[in-house]
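Everything below concerns the one structure shown next.
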Ligand SMILES: Nc1ncnc2c1ncn2[C@@H]1O[C@H](COP(=O)(O)OP(=O)(O)OP(=O)(O)O)[C@@H](O)[C@H]1O
Ligand SMILES: [Mg+2]
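Protein chains in written order, with our numbering: chain A, 194 to 414; chain B, 139 to 416.
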């Protein structure tokens, strides 16, 4: 299978200072990859390098062209813009051309379906800065998924969510994987919510290693 | 009033165009934290007109006449605005540095607008008329320029407001989506510059400040969405401009400061009526 994303002997980090070295990885379409590691280990560094926000210090990061989306770790939405939830979600489906048309009926339909699936029914016309942290996190998931990305990066997407909401988010992500997306998600806590992932990468001591899949204890339905 | 309309029809129409366009851009300036631009750029445009008056005045003094037509004013206002915009810089939202620069631009432009006319008596008259916002000076050709320019920038905003929102709300996401943050900011700031140029060259800097910065502040807290914020700001601008024309007409006061004064009650009422966002 043609890889969607490849790291070739890459050193990744910030301002010329490497956080991760010797990264050699390759991912195909339709995979759900979990990146696990302690706080400060380099998860965000790896994800931002994967999606092109951070150029590699050495080596190369290769991506096939396609639609990309990011659910950021920190709620990055600026509160001074009085944007509604729907406006924020639809901003995920904007044409990259400034002359492009505004989101059509099909995109709106998809946005409403995502809001329903994320337990945000009835929130479309609420201001996004009037929501709770967990609600905002789900809005950002909807904004990413409405793009129908080929490469989806989720940086601790469940950190502000209860177990039920977390499972809703991850089942939507799983559905994107079934449609052929490559998904990289980070967590600092590998628990049963992540039972559906295909691969696990563990970051420790500046090195990325392939790790064991999480085991089901049968506690979840 | 009908004679007034006949005499000032073009001026009123031009003011209406500005009153719809400027507050919508002002809404984004407030949201982006770059509202000081709304003061610095019109003042820079005025300084540009002052420079123009000085140069034109010197060139024509011996020929026995001075050329203070508004075509020239548009040109020099554009020069001043462009210089001001370059000095302030184009960012997705304000940093302390950018606000500082905008303040310095305002300061320097204000000084130039007072100093330069002292070297040319006709320039002084010309500049005073601009500052007071004598809309008598707006003729048919000016109206066409103002209407065309505001139509273009409003159409651009209708087309790009979602992009400007994404870039302002979350520039990292914009980059991931493949949207050029720089290009979006250039288009937005270019539109603000156009509004500034036509506003300052016709209705004067006070009316332009007033429409750019005042109406939006009454609509920001209560708007349920960005689209509502933009639309309500324009509505308040139009009401404020109408009040200011009435005030200017009945009390025989210069229009420029009247626009600021007229926008204030409209903005306060908007703030109270649209108190709660959803
Ligand atoms: N912008 C930056 N400039 C310089 N160093 C940075 C920057 N961002 C992160 N770092 C450093 O890189 C290392 C890895 O940070 P990173 O954000 O990737 O960690 P993380 O695994 O995502 O942690 P967390 O779980 O807390 O989010 C840390 O030591 C951090 O201090
Ligand atoms: Mg992180």
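Where is the CB? At the ideal position from N, CA and C, for every residue including glycine.
Item	Value
Any Cβ of chain A within less than 8 Å of the Cβ of residue 175 of chain B?	no
Using Cβ-Cβ distances below 9 Å, what residues of the segment 377-404 of chain A are close to chain B?	none
Below 7 Å on C-beta distance, what does residue 306 of chain B contact in chain A?	271 and 274
Scan the segment 312-332 of chain A for residues whose Cβ lies nearer than 8 Å to a Cβ of chain B and list them as they occur along the chain.	318, 319, 320 and 323
Spatial neighbours of residue 321 of chain A within its chain, please: C-beta separation below 7 Å, excluding the five flanking residues on both sides.	270, 276, 277, 278, 281, 329 and 332
Any C-beta of chain B sitting closer than 8 Å to the C-beta of residue 303 of chain A?	no
Give the secondary structure of residue 215 of chain A by DSSP, where H, G and I count as helix, E and B as strand, and everything else as coil.	strand
Tell me residue 387 of chain B's beta-bridge partners as DSSP assigns them.	Looking at the DSSP assignment, residue 387 of chain B forms no beta bridge with any residue, so it has no partner.
Pop quiz: residue 337 of chain A and residue 262 of chain A are said to be a contact at Cβ under 8 Å. What is the actual Cβ separation, rounded to whole angstroms?	4 Å
Using CA atoms only, rank isn't needed, just tell me which of A/298, A/225 and A/235 is closest to residue 216 of chain A.	A/235
Determine which residues of the segment 242-263 of chain A have a Cβ less than 8 Å from any Cβ of chain B, and write them out in chain order.	244, 245, 246, 261, 262 and 263
Which same chain residues end up closer than 7 Å to residue 415 of chain B when comparing Cβ atoms and leaving out the 5 residues on each side of it in sequence?	Model confidence at residue 415 of chain B stands at a pLDDT of 48, short of 50, so the residue's coordinates are unreliable; what they give is reported in the following sentence. Once the five neighbours on either side are set aside, the close Cβ partners of residue 415 of chain B are 359, 360, 361 and 362.
On a Cα-Cα basis, can you pick out the residue from A/200, A/357 and A/408 that is closest to residue 239 of chain A?	A/200
List, in order along the chain, the chain B residues whose C-beta lies closer than 8 Å to that of residue 362 of chain A?	The premise fails here: residue 362 of chain A is roughly 17 Å from chain B at the closest Cβ pair, so nothing lies under 8 Å.
When you compare the CB of residue 345 of chain A with every CB in chain B, is at least one pair closer than 8 Å?	no
Give the residues of chain C in contact with residue 283 of chain A, contact being defined as C-beta atoms less than 9 Å apart.	Here chain C cannot be found, since the structure's protein chains are A and B.
Where in the segment 308-355 of chain A do unbroken runs of the beta strand (DSSP E), each at least 3 residues long, occur, reported from the N-terminal end onward?	344-348
So who's on the other strand from residue 196 of chain A, going by DSSP bridges?	A/221
Ordered along the chain, which non-local residues of its own chain (more than five positions away) have a Cβ less than 6 Å from that of residue 173 of chain B?	167 and 351
So, residue 360 of chain A versus residue 229 of chain A, is the Cβ gap smaller than 8 Å?	no
In whole angstroms, what is the alpha-carbon distance linking residue 407 of chain B and residue 227 of chain A?	53 Å
For residue 272 of chain B, does the three-state DSSP call read helix, strand or coil?	coil
Could you tell me if residue 396 of chain B is buried or exposed, where buried requires 16 or more neighbouring beta carbons within 10 angstroms of its beta carbon?	buried
Starting from residue 252 of chain A, trace the beta strand (DSSP E) in both directions and tell me its first and last residue.	251-256
Identify which residue in B/284, B/340 and B/324 has its Cα closest to the Cα of residue 394 of chain B.	B/340
For residue 367 of chain B, go through chain A and note every residue whose CB falls closer than 9 Å to its CB, in chain order.	274, 275 and 276
Which same chain residues, not among the five before or five after residue 287 of chain B, have their C-beta less than 7 Å away from its C-beta?	332 and 336
Using a Cβ-Cβ cut-off of 7 Å (strictly less than) and excluding sequence neighbours within five positions of residue 196 of chain A, which residues of its own chain qualify?	219, 220 and 221
Going along chain B in order, which residues have a C-beta closer than 7 Å to the C-beta of residue 197 of chain A?	Neighbours of residue 197 of chain A on chain B: none; closest Cβ ~15 Å, over 7 Å.
Return the bridge partner residues of residue 380 of chain A from the DSSP annotation.	A/229
Beta-carbon of residue 378 of chain B versus every beta-carbon of chain A: anything under 8 Å?	no
Should residue 326 of chain B go down as buried or exposed, given a rule of 16 or more other Cβ atoms within 10 Å for buried?	buried
Flag residue 269 of chain A as yes when its Cβ comes closer than 7 Å to any non-hydrogen atom of ligand 2, and as no otherwise.	no
Return the chain-ordered ranges of every alpha helix (DSSP H) run that is complete within the segment 279-306 of chain A and spans a minimum of 4 residues.	none
Quick one: residues with CB closer than 6 Å to any heavy atom of ligand 1, in chain order, please.	A/207, A/208, A/212, A/230, A/232, A/233, A/234, A/235, A/236, A/237, A/238, A/266 and A/381
Cβ closer than 8 Å: which chain B residues qualify as neighbours of residue 265 of chain A?	308, 310 and 311
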